Each structure stands twice: as C-alpha cells, then as structure tokens.
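These notes concern the structure reproduced below.
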Amino acid sequence: MNKNIIRLGIVYLLFPNISLKMKLTTLFLILALFRIEASTYSQNTKITLDLEAVSFMTVFNEIEAKSEFKFLGNQDVIDTERLVSVHVHKERIDNILTDLFRGTDISFKIIDRQIILKREKPKTPIIESPNIGLNPEKELQFSVTGTITDQSGTPMPGANILEKGTTNGTQADFDGNFSISVVDENAILTVSYIGYATKEISINGQTNITVSLVESAAGLEEVVVVGYGTVKKSDLTGSVSSVTSEEIAQVPVTSVSSALQGRAAGVSVNQASGQPGQGVVIRVRGNNSISGGNNPLYVVDGFPLNDFGSDINPEDIKSMEILKDASSTAIYGARGANGVILITTKRGAEGKAKVSYHGYQGFQTLRNKIDLLDRDTYVEMANSIAAAEGDAPVFNAGEIANLPNNDWQDMVYRTASMQNHQVSVSGGNDVAKYYTSFNYLNQEGIITNSGFKRYSVRINGDLKINDRLSLQNNLAITWSEYNQANDAAADGYGAIPFTSLVMPPTDPIRESDGSYSVFSGVPWGGTNPVAFANEDMFQRLNTRIIGGIDLNYKILDGLSFNTNVGLTALTGTTNTYRPIGIISSGPSDGQASKSTDNSFSLVNENILNFSKELGKHSIGALAGMTYQKDKSNSLSASGTGFLTDAFGNNNLQSAANRGTPSTGFSDATLISYLSRANYTFDDRYLMTLTARYDGSSKFGKNNKYAFFPSAALAWKISNEEFLADSKNINDLKLRLSYGKSGNQAIGSYQTLARLTNTSPVFDGTQNVGFVLSAFENPDLKWETTTASNIGVDLGLFNNRINLIADYYTKNTEDLLFNAILPTSSGFTSSVRNVGEIENKGFEFELATKNFVGNFNWTTSLNMNFNRNKVVSLGNDGLGNKIERIDAPGGGGNWFPLFLGEPGQQLYGFEIEGIYETDAEADQNGEPNKTAGDYRFKDTNGNGIVNNDDQTILSNLQPDFTFGFNNEFSYKNFDLTILMVGSVGNDIVNEFNKYYTAITGDWNVTQEAWDNRWTGPGSGGTYAKASSNAINTITFAPPTSLWVEDGSYIKFRDIKLGYYLPKSVIDKIGLERFKLYVSGQNLITITNYSHYDPEAQWESAPVNGWDRGVYPSTKSVTVGVMIDF
C-alpha cells in the first residue's frame, strides 16, 4: 500500500530554518489558495470498487491505485486486516469511507488528496507520559529524541514510536520529531507507520536518532495461498501466479480452467474443443511426461483433485494460485511435478447480509466456415475426373438442376443460446460468518442437440467457538448433464465435424421415404452428419459432492493445530444410443450402451503450525501428516441389433447381440508426512525449506516411498540501506529455488501380475478361464522432476510498474512408459521407468498503471518461452542408447520421440513439389507415381523413396505464448480487452489429407480445387484430380501436407460495462447495478485454414493434433450484476 504523508516539500526547501509556527502559517496559506482545487478533486473524483471479503488494507490499495488519494495513519491503532465487502460505482471518496468505517471507531479527514485516518477511541492508548505503562520496578532514566522521515527525507507526522516489550510510546509531531524516555540506553524502539515497513532501532546509547522508513510496495501485503497455508506476497520465495475473483468475473466462463487463459505466466491454457463443458487443456511450464499424465494437481479448499471437468462453479471462486517451481510444489510431493492449482472459494464477511445476483444471456456461433465446393463445382469436379479417366459422366446434364445444393455445415451447426444465473447470500458477525450460493448454467452447443447443464449449491461457514477454537466448513453439490456431439474424440472419422465437410453437396438429407440417406462413398464408412446430430445420443450425468470440515485450535500464541477431514464423491452415468439405419458400416441396426461409475475419496490432514518473532528474526514452521484413500467401481453393458428405437438404451436385454457386461474397481492409498520451515532476517533475507515423504500403494514393493525436498532463498534488495533513498525503486527482490517433486499418474495395480478373462474352446465347448496379462514389476516408481528457478520481483515509480520474471529448468527422470517387450517374454508391453525429459524456459508478468484518476488504464502482459527436449530414452539392455521410441496411444508412430529432440514432432514424408512427368517419378525412386502426384523428398539421397526417408516435419511447441489484458474506466463505464496468443508452433491438420484429395468421391476445399495441378507447368500446390488420389496420399504415413502454421492472436474477451448512477440505485434500494455486454473470440488472427488454431484432440499423445474436433465458438453475452 502506498501511504504517502502530507508533502510539505516546497516549504521545507525554501524556508528550512523557519519556526514551526511560520511553517504552519505558510502551509495554511497554501491550502487556502488551493482550497477550491482540492475541494474540486475530492468532490468530483468518483471511484468504482467491487471487492468481496477483503481487508481494509486491500481497500486502501485499490483506492490509491484508482485515484490520486493517499492514506495517512498509524498502522498499530488501525486494524488493517479487518474484512469488509465494498461494492460502489463512481462514488465520492467521502461517501465510500463513511460507509466503510460505519460501526467502527475510525474517523477520517480529507485534505487535498491526502486521507488522514485515526481512531477516536484507541484500543491501546498512546502513552506519552514517561511514567505510565511501565512496570513499577522499572524507572525511566534515558531520554531519546529524533526525527522520523520517509525515503526522500520528508517528515512523517503521526509515526508511532514504541519501546519494545512495553506499552511506553509516543507519536511524531507535525515535523516528524519525537521525544521519549526509556528504561536504559540499550532499549529498542519500534517505529511504524501505515503503509511503511516497521523498523526496529537499537538505541545503543544514542540520544538523538533519525529513522528513515521504507514504503511498502503496493499489494505486497496481500496474502497469497500456498500449500497448507498462506504467506504475504512480499515474503514469497517461490514462483506463484495469482488470479483473483475480479479477474475471473471479467470473462463469462463456464469452467474454472477457462478462467485461467491468458492470466498467468508459464500456464498454457488451450480451448482444445468447443464441446460444451469440456475441451480445456492446461500445462504448467511444459510437458514433463510421456504417458504418466501432464495435468496439474487441483486443490479445492485444501482438497486435492486430479480433475473435475466443469463440475465446479467459477463464480464461487475467490482466488486461484498456480504453484510453478519446486519450492512451491514439493509440499505436494508425488503429485506436484506438473504444477499445482490452488482454488479458494468465497467466504462470508462480517456485516449485514448481502444478497447478490449475476445473470447473463448470450448466443454462440461457429467462428468461421470452411470454404467448400458448391453443387455446380462439385459436379464439374466429378465429371472432369470421370472424363479424364475415360468413364461416363457421374452426373448427366439434365439432372444437375434438380440435384440438392446442401451446405452440410449449415445443416449441423446452429446459433446456440447460453444462460447463467447466480444468486449468493453472505454475511455474519465476529462469531459466525456464512456464504451460500445457487447457480444454474445452460449452454447449448453449436452442433444440434449438444449442450451442457449444471446446477450447483455451495454452503461455506466459519464459526469462532471461543478465543482458541474455530471451525470452517465447505460443502458444494453439483449436478451436471453433458450431451455430447459425435466428434473426433468420440468416433474418429465418423465424427460430425469431419463428415459435414466431406459429404457431397449433391446428396440429399433424407430419402423419398423419409429415412435418412447414408452416403457410403465418404472415407471410412458412410454416415450422415445431420442424422448423427439429430439422432445420435451420447449423454453423461454427474452428481459430485465436495465437502470438508476444518478445525483449528490455538494452543499458544504462535502455536496452533489444524485438523481437517474432506471427502468427494462422484456418481456418473453414461448413456449412448445410435438409432437404426443412420450408418452404412458397422452395426447399422442400432447400438446402445449404459455404464455407471462411482468414485469416493477421503482425505485427513493434521498440521501443527508455529510462528515467532524474535527481534529481527521471524520464524515459521509447520509439520503434519496426511492420509488419502481413493476408491472407485464401474459397471457397463452394451448391445447391438434392435427391432425399434422407441426404448433407446433402456432395453439392452432385447439386443440381438449382447456385449459381455464388464465391471471394474480401484483402490489406492497415499500416506504422507510433510514439513516446511520459513525464516526471515530483518525483512531482508528469507529462506524456505520444504520436505515431504510420500508412500503410495500404486508403486512396487521396492519403491513405495519417496522423499521430495526443496529449498528457496530470497533477498529483498529494496530493504537494504543502499536503496533506502531510492525514489524510483519501490520493490526489488531476488529469488532462488531448487527441489524435487513427483508424478504418480498411473492406474492402480500396474506393479502387480494381473489376470484377464478368456473363453477358450475345448472339444467344441466354450470354457471360462483366466490368463496372465501382465507380470509383476516390484521396482516401478514415480517420475521425479528436479527443478531450479531464479526469479526477480521489481516495483518501480510508486509501483506503477511491476515486473515478475523467472528462468527455470525442469528435468523429469524415470518416465512412466508402456515399453514394448520382446516377444519371447510372452507379453506385448509393460509399464516401466524409462528415460528423461527436460523443460527450460523464461517467463514474465508485467503490470502497469498507465493512467490513474477519473480515466483509468491498466495493463497486464505475461509471456512464456519454453523449450522441451528428450534427454534420454534408456538403453536396450545391451548398453546401447535407444534413439527412438513411439509415443503412446493412437498414432504414436506418427509422433515418435527422438533422443536430443523436442518431444512433440510429426514424423513422415516431406513433400517438395509435384511431379511434372512420369519420368521424374521414376528418377526419384517412386515408380508407382505419375505426373501430377506429390513428390516425396529423398532425404537420404539413395535414389529410392521409402520409409527410411521419413523425417521430422513439425515442431508443435510454440516459440512463446502470451496474454495481454487492458482495463479502462471512465465515469460510469469500464472496458476490458483480453488478448491471448501463441507464436511459432505448427499444428497437425490430419484430415487435410481428405479435404485436399480430389477424388470425385467426396467434397474438398475450394482452395484445393482452385490450386490443383492441371498439367506440366501449371504450378499447382495440390496434386491432380484423380480417383486414385486417396491411395497416393491419404493412406500413406503423415506428410508435410498435414502441417500448418498454428500461430494465432485471439481477442479472447471484449467486455463493456456500465454502472447505474448511485442517485438512481439509491432510489430503488440497491447497492450496485451493473450492465455489460461481452464478446468472446470475436477476432482471431491466424493463417490456419481450419476452424480453430487452438484445436486439439484430447486423446492425442501430443498437443496440437487437430483430428476434426468440435469447433470452438465465438459468442456475445449480455449480463447484469446486482447487489441488494
């Protein structure tokens, strides 16, 4: 908080020897001359605040950030940590402060742009008499005089001077001078002033001293949530990014993960799919694992969760902290390697009951359409290919006019509505506080019949049982309904986004009998995208409960014990039904399935906390034990072949072909012991030591336990004497950290020998039995990430410029990988610890206050530069390094990992042109190709093109990503513009092999048709039109045709808001009324030819693989926020 005192610099500079009386006279004359101007500023300046359950200090910070007002006061007699909620729009400062301090004994006075705070009836009186407040046996016998100034030498009237260990104290006068009598010449004086760092001065026999106080950096006193505790932002030694509820509220988001996009350095957030309620991929400082999972750990109000989809309401969140370096994540041990996202939900504040409503209504549309051939051009294509190959025309001239001219994109995509309603009630007193909310969200998908609905209830409470014992509870219940459209993640080549592009425009939607037409010429089997959109069902129903009770007991001052019990329970049902006759391949007589799954997780944490101030030494420590039990079970059944669609999937017993029912279960336990020690000397030198010892049932009997330590150091350079007089450097801190964390993201029982059922036939009779499916691996252990970080925090020019920058390295060893086994073993693969991956990078967050006053403009820019490399892939058992392995999952051989290369690259044939003659193809070693076919590069130069010529085609890692936010406010209006971007990355548009393969059997892009090769010298970009095109490109290994520039800049959100004037809302009995209109993804700047450069198949082994996923949307919403 920037707390400048009244500046009398001109008086002191011009008349340094004039008496105090004359100085005061001069001051009052100056004030009189400028009274009109000062009064005008305080009366005309209007301030907007939207703060929920924050401290007085945070309110002061916000007012100073949004105006030229500065607060004066004695920090020791004003409770700056008292929690309040403030919601005002364009209100005068005197009205804001009157409401703020109502019910307290704090008064204020506004002089020009200075606000002087004082307590009318101080809780602890300032004792000016040297004979009051001391122990009777101690006599005051040593007098000290002095002056209190700020860093520039300006006197600080009202500064508090207290003899340490006593209640003996005084205040500095108008000139900053003071006089105090103390016990002896070795006494220690504590000097404090609101907004300035408290200083302790040892007298050491001096009778006159000068004390210079250092201004606290704005915002540095705010509390940041870290693992198992909180810490002042100024005392952070690790790398932590924060996202507040105010930032979350700037964008109408349906999921917690989406709210992080563009907000934090080092955090990559991709809206990989437009499927409602799904599709967000988050990475913290790159990919660390091959197959052990790269998702961060989420901790909601202290409860660890691996994932929760969209089952948590974003509007209930107070803050999110992203722990990025080892010093921050090591406290979570075996689950911290991929970063940790701490989510703190809202709680009640002391005061009268507050009722709030937030609602919005909007619509979503397809961001852009793919330009395809219309009917006439498609007919031209099909007939020209037939003519060139000596065949009869596909379409006769007389029938063309009667053919359909269907735009299949228009048939399956729609303008979809979206609405959200949130009601919350909060309040309380010094004994009990509460926060409750109800939320309803209904988001239609842009593909017909897809959508997401969520109902959620939250009840958070705080109870002070007595002065030592307090209790908190958290309870959230969410009911979610996901109706998914058939996309790449669900059905590959038969997905709606793919088939809507390749379906010929000449095909009808329905046959003459009213049934859906099914076109068999589309690659990989016939489907009708309209039929799929209208009739195909894939529904997921979730009921999730997250709750916990937290009990805190204050044993002694500085020593407390905390115990909590939390649980989460999830019950889910998945229903699918594909009606009779809507596909031409596979079971066309109806397909149905139903599955249920239940999971339960119980956590108990017991933590002992200690803190102590000893002179210039500050010590904090915690030690504890945690226990987590996870259980789950599932049951599924399926069938094909139905006589009617009337019963959907509720009649599986009538299926002609009933699948074998399957069941599953899982049971895992994690027991941990953890500790952390913090030490600060003289508010300049800081150290944090962390250790966690984890034991997991998931790993082999020889490696069930592991130790994860970390250490961090920080130096507050701005608190050193050589920077004490700096007017421009308000904060400068250097941070160093090093440590280890782990990743246990594998299923249970991977270390055990496992059986699977089999049904062998002996003598014509089918039998039931079991066979060994995997052998034991007692040495399997977690991945271990060793990370180092060096960072700097910098605040300049009264903290109008703030920079946080970090350079990091992360090396992940013992990668969990499903390694291929020799056939002699009798098994195909086994999970093993193999290899090492390295991530290193640089990131920064830059925040600036460009204009402060009636017109406010602030900016926030974050950027991340990350480089990934495969350091080791193990050896072959004979001492030879393995140079290449295929990535796990489907298409893994397309994305192999190469030693010494980045971990995400496409591997295949490089196209270097088009053959002009048949002879060229023969000369280049591709005798099966002819003129007009793609020319593959002979990379090894041996004159033959074969699989040995495949090469690395792409790098899917961006050079850098960024988020850039601008906030403006003027009078009753505010405007927020958030931009996000990724630069330098490729994207794999796999289905481009179909969209540009001009066979005459399916539709293609207009761009491919216009730029095809038509003969020698035509210079086409794409191969000739030929019925054989499918065989020369689509079934071959990947080619550079799949690779496109995936760079983009998106205007993620543009939001314009208007607050009704206070004179209006007072008449209708409201506290706040805000209207806004918001647009998401309205502008995207990219060279990518498909729907969205953020697209990513969620099941892919790499980032940036677009396999025809559900397109993301652009949307416009109109909303209202009301506080009653």
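Quick note, in our numbering, the sequence shown goes up one by one and the last residue is 1139. Glycine is no exception: its CB is placed at the ideal position from the N, C-alpha and C atoms. Here the structure is a predicted model, which is why all the values come from computation and not from measurement.
Run of the beta strand (DSSP E) containing residue i, from where it starts to where it stops
i, result
"ASP391", "Looking at the DSSP string, ASP391 is not in any beta strand (DSSP E); the run it does join, the alpha helix (DSSP H), is 390 to 403."
"TYR1074", "1063 to 1074"
Distance, residue j Cα to residue i Cα
i, j, result
"GLY715", "ASN814", "52 Å"
"GLU1109", "ASN175", "56 Å"
"SER485", "LEU704", "28 Å"
"ASP901", "SER803", "29 Å"
"ASN1", "ILE1002", "The requested residue 1 does not occur in the structure, where the chain is confined to residues 16 to 1139."
"VAL240", "LEU357", "7 Å"
"GLN186", "LEU623", "38 Å"
"LEU66", "SER653", "52 Å"
"SER270", "SER530", "39 Å"
"GLY923", "LEU968", "7 Å"
"ALA232", "THR73", "For ALA232, the pLDDT reaches just 47, beneath the cut-off of 50, and the residue's location in the model is therefore unreliable, leaving the point undetermined."
"GLU620", "ILE564", "11 Å"
"SER840", "GLN920", "31 Å"
Three-state class that DSSP yields for residue i in the structure shown
i, result
"GLU860", "strand"
"PHE812", "coil"
"PRO512", "helix"
"THR73", "helix"
"ASP425", "helix"
"PHE657", "coil"
"PHE410", "coil"
"ASP94", "coil"
"TYR985", "strand"
"GLY806", "strand"
"TYR313", "strand"
"GLN938", "helix"
"ILE218", "coil"
"MET1136", "strand"
"LYS1008", "helix"
"PRO724", "strand"
"THR380", "strand"
Chain-order list of residues whose beta-carbon lies under 7 Å from that of residue i (same chain, five-residue window excluded)
i, result
"GLY307", "ASN758, ALA760, ILE761, GLU798, LEU830 and LEU831"
"ARG300", "GLY281, LYS339, GLY354, TYR823, LYS825, ASN854, GLY856 and ASN881"
"ILE480", "LEU486"
"ASN420", "ASP389, ARG390 and PRO520"
6 Å CB neighbourhood of residue i in its chain, flanking five on each side removed
i, result
"ASP612", "GLY587 and SER649"
"ASP1149", "Nothing about residue 1149 can be read from this structure; the chain reaches only from 16 to 1139."
"SER432", "PHE378 and GLU459"
"LYS1199", "In the structure displayed, the chain extends from 16 to 1139; residue 1199 sits before or after that span and is not available."
"THR684", "LYS644 and SER712"
"ASN577", "ASN567 and ILE622"
"GLN554", "ASN498 and ASN590"
For residue j and residue i, believed in contact at Cβ under 8 Å, the rounded distance
i, j, result
"THR259", "SER334", "5 Å"
"VAL103", "THR63", "7 Å"
"GLN1021", "LEU387", "6 Å"
"THR493", "ILE327", "7 Å"
"VAL266", "ASP1068", "4 Å"
"ALA352", "THR827", "7 Å"
"SER752", "SER725", "7 Å"
"PHE988", "GLY1094", "About 16 Å; that fails the 8 Å criterion."
"GLY1061", "ASN1000", "5 Å"
"GLY562", "LEU490", "4 Å"
"ASN310", "ASN303", "Going by Cβ atoms, the distance from ASN310 to ASN303 rounds to 11 Å, so no, they are not a contact pair."
"GLY161", "ASN223", "6 Å"
"TRP1120", "GLU1005", "7 Å"
First and last residue of the uninterrupted alpha helix (DSSP H) at residue i
i, result
"ASP1025", "1021 to 1025"
"PHE547", "544 to 550"
Contacts around residue i, its chain only, beta-carbon distance under 8 Å, and the 5 residues preceding and following it disregarded
i, result
"ASP953", "ASN939, GLY940, ILE959, VAL960 and ASP964"
"PHE812", "ASN743 and ASN745"
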